[in-house]
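Numbered according to the UniProt record's numbering, the sequence shown spans residues 1 to 398.
Even for Gly, the Cβ is constructed at its ideal location relative to N, Cα and C.
Since the model is a prediction, treat every value here as computed from it, not as a measurement.
Report on one structure; see the data block that follows.
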Amino acid sequence: MKKKTLAAHNIRILFLYNLLGTISFIQPVLTLFYLSRGLDETDIIWMLMFWSGFVLIGEVPSGIFADRFGAKRSFITGGLIHFISILVLVFAHNPWQFFLSSALSGLAATFFSGADEALIYDSLKESHEENKMDHAMGRINAAEFITMMIAVILGAFLAHDLTEAQFLVLLYLGLGFQAIGIVILFFVKKPIHSMSYRDNPFKQVREGVRVIRRTPQLLIMFLNVTIVFIPAGAVFGNFDQPFLQGAGLPVSWIGIIYALAAGIGFFASYFIGWFTRRLSRVFLMHVTGFLAVGGLLLASFFGERLTVALFSFFILRFVRAIRYPIYSQLSNDWIPSTVRATTISLLSIIDSAADLIIFSTIASIAAFGLPRIFLICAVIALIGTLFPIRKGDKVNLH
1 MKKKTLAAHN IRILFLYNLL GTISFIQPVL TLFYLSRGLD ETDIIWMLMF WSGFVLIGEV
61 PSGIFADRFG AKRSFITGGL IHFISILVLV FAHNPWQFFL SSALSGLAAT FFSGADEALI
121 YDSLKESHEE NKMDHAMGRI NAAEFITMMI AVILGAFLAH DLTEAQFLVL LYLGLGFQAI
181 GIVILFFVKK PIHSMSYRDN PFKQVREGVR VIRRTPQLLI MFLNVTIVFI PAGAVFGNFD
241 QPFLQGAGLP VSWIGIIYAL AAGIGFFASY FIGWFTRRLS RVFLMHVTGF LAVGGLLLAS
301 FFGERLTVAL FSFFILRFVR AIRYPIYSQL SNDWIPSTVR ATTISLLSII DSAADLIIFS
361 TIASIAAFGL PRIFLICAVI ALIGTLFPIR KGDKVNLH
């Protein structure tokens, strides 16, 4: 990838934001924090549903906002909302306060969803490097794994007794770094040839719908990605702490295991080009989908054994790291620049609808324990993996 280009600058800024602005010291004990404040497994599933519901509500307005006013303003708005969502957690002691925090977090995510990919793809086009989209997103996402390696060890150490005071320290640290991240976002630069959409916003949405209707393969590929990610990433990620603890892993070791997983994720994401030079992107998407199914089945049937629990945990973290950058390259090759953020946001609405369906299904069996949850997740991930994927060319709207 070329140096001293607009793409290199914006990749560096988003890398720094992911490195500092998204750091979460409470992540390694987050589920244990929820449980300590009186939530149960069903409440946690409801938090996921509130997150998805507000993503569903906010996706199109935030996508229109990004296409009309630019990625920088969209990012800063999302960063401020995310700051408030963390602040609500500090004072949350009943389920509805946690649901509010989750709703704000989901709304904040919509201001980054689509806008980050649109910014990077258009920046890469200026230096004729749009075929490097997966490399760029892999490097940006790698920052989160570096952050996780540091934050999870420190977070698990600071909260080793799982006391209220220790949880608050972790939340205040998160607020401080989120504030730093918001400042970093002011240095994002707009691509010179980026085309802001200035027509009626409803027409903007219609153009995005037209892209999806003209490229059914884009929708099918998106369904593959999202139906695998929801059970293997979102659901498993919210129960991996009690899962590992139940398999016999001490709380003090959770941070170390998270850090090792983050290290695997970092190398898989940062060096995504090594994989795509040797294997086709389509092949990698299918293989990682079946790996997700296998990891969930292991967790369901043999999760009480610590070695198996750790193996399934690492498999699922690897899958999460490698699939998104590849999907980002494949999907953005289909979408025109003028409605890129809006189109991605429209797809995310489908993701949110799938979230709500899958989360409500899992909530109905959550009381039966983690093995049953992971078994249902494996079945859902298998369905997603069976959706076909292929490469394509950009849609011409005119």
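Starting from the C-beta of residue i, find all residues in its chain whose C-beta is less than 8 angstroms away, skip the five residues before and the five after it, and write them out in chain order.
i    : result
L249 : I257, L306, A309 and L310
A92  : R37, F98, L100 and S101
I120 : A7, N10, I11, L14, M133, A136, M137 and I140
Can you give the Cα-Cα distance for residue i and residue j, rounded to whole angstroms?
i           : j    : result
Q329        : M149 : 26 angstroms
W51         : S102 : 5 angstroms
Q27         : G273 : 29 angstroms
A232        : E207 : 32 angstroms
V209        : V319 : 29 angstroms
A8          : L124 : 8 angstroms
R198        : F374 : Summary for R198: the model assigns pLDDT 46, below 50, so the residue's position carries little reliability; its value from the coordinates is reported in the next sentence. So the two alpha carbons sit approximately 46 angstroms from each other.
A88         : N18  : In the sequence on display, residue 88 carries Val and not Ala. So the alpha carbons of these two residues sit roughly 21 angstroms apart.
R278        : E164 : 49 angstroms
residue 486 : F157 : Since the first residue shown for the chain is 1 and the last is 398, residue 486 is missing from the structure and cannot be characterised.
L382        : L316 : 14 angstroms
A234        : F243 : 14 angstroms
K2          : N131 : 12 angstroms
K4          : E129 : 13 angstroms
G155        : F25  : 5 angstroms
Using a Cβ-Cβ cutoff of less than 7 angstroms, which residues in the same chain neighbour residue i once the five nearest sequence positions on both sides are dropped?
i           : result
L16         : I184
residue 399 : Limits of the chain in this structure are 1 at one end and 398 at the other, which puts residue 399 out of reach.
I365        : R372, I373 and I376
G369        : none
G388        : It is Pro, not Gly, that sits at residue 388 in the sequence shown. Only I220 meet the Cβ criterion.
Excluding the five sequence neighbours on either side, which residues of its own chain have a C-beta within less than 6 angstroms of the C-beta of residue i, listed in chain order?
i    : result
G114 : G63, A341, I344 and S345
I23  : T147, A151 and F177
Y327 : V225
E59  : T110, S345, S348 and I349
L20  : F177, I180 and G181
G70  : K190
L298 : V308 and S312
P95  : D43
V29  : A159
Taking C-alpha atoms, which residue in the options lies nearest to residue i?
i    : options                   : result
F98  : V228, M47 and L124        : M47
F65  : F111, V319 and D161       : F111
A259 : I153, T5 and A234         : I153
Y324 : S312, M285, I357 and L356 : M285
E126 : I383, F157, I192 and R317 : I192
S280 : F75, I322, E164 and L370  : I322
I81  : D67, R68 and V55          : V55
G263 : E144, R73, V287 and A363  : E144
D351 : F75, L223 and D240        : L223
Can you tell me where the alpha helix (DSSP H) holding residue i begins and where it ends?
i    : result
R37  : Premise fails: R37 is in no alpha helix (DSSP H) and is neither H nor E.
T77  : A71 to F91
V379 : L370 to T385
F275 : I272 to R278
G390 : Here residue 390 turns out to be Arg, not Gly, going by the sequence shown. First-last for R390: undefined, no H or E at that position.
F15  : L6 to L16
So is residue i in contact with chain B if we call contact Cβ pairs under 8 angstroms?
i    : result
L296 : Of the protein chains in this structure there is only one, and it is not chain B.
> Fully enclosed by the region 106-143, which alpha helix (DSSP H) runs are 4 residues long or longer?
Replying inline: Segments of the alpha helix (DSSP H) lying fully in the region 106-143: 115-126.
>> List, from N- to C-terminal side, the alpha helix (DSSP H) runs of 4 residues or more that fit wholly inside the region 159-186.
In response: Within the region 159-186, the alpha helix (DSSP H) runs of at least 4 residues that lie entirely inside it are, in chain order, 164-185.
>> Which complete beta strand (DSSP E) runs does the region 281-339 hold, if anything under 3 residues is left out?
In response: Segments of the beta strand (DSSP E) lying fully in the region 281-339: there are none.
>> I'd like the ranges of any alpha helix (DSSP H) spanning at least 4 consecutive residues and lying wholly in the region 218-264.
In response: Runs of the alpha helix (DSSP H) spanning 4 or more residues and lying entirely within the region 218-264 occur at 236-246, in chain order.
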